[in-house]
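Written below as structure tokens is the structure these notes are about.
In this note's numbering, the protein residues as written are 321 to 440.
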């Protein structure tokens, strides 16, 4: 198992930063609010309630992140993973991973600035 974990870590292109913040996703006419679990220059992971709806896998989304007083808006991405948090049919929450697409240098700088401020 350790070899698998190490292999996944080596594949990661961008360091993920665990943090406490808010994350919202818009897709179609739907907008859902969740908890931001971690973020990197390549993507983000959030926790969402299935009761409010979640985007399907491979759905194009527009994300917004709030960490403290810092906000990053209008980040385009695609849902690449949906994961149950608990292996229980009564579980309310799932993790939603998105991969960023068409990230401008300005948006990339905003993400790095949030990451840097949290690491110090």
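Where a beta carbon is used, it is the ideal one built from N, C-alpha and C, also for glycine.
None of these values were measured; they are calculated from a predicted model.
Check: With DSSP run on the structure shown, which of helix, strand or coil describes residue 405?; Outcome: coil
Check: Using CA atoms only, rank isn't needed, just tell me which of 394, 355, 368, 425 is closest to residue 388.; Outcome: 355
Check: Cβ atoms of residue 416 and residue 373: under 7 Å apart, would you say?; Outcome: no
Check: Would you report the Cα separation of residue 418 and residue 348, rounded to the nearest angstrom?; Outcome: 16 Å
Check: Looking only at its own chain, which residues have a Cβ that is under 6 Å from the Cβ of residue 430, when we skip the five neighbours before and after it?; Outcome: 392
Check: For residue 362, report the span of its beta strand (DSSP E) as first-last.; Outcome: Neither: residue 362 is in no beta strand (DSSP E) and is coded neither H nor E.
Check: Measure the Cβ-Cβ separation of residue 361 and residue 428 and say whether it is below 7 Å.; Outcome: yes
Check: When the distance is taken between beta carbons, is residue 390 closer than 7 Å to residue 350?; Outcome: no
Check: In angstroms, rounded to a whole number, what distance separates the CA positions of residue 410 and residue 424?; Outcome: 40 Å
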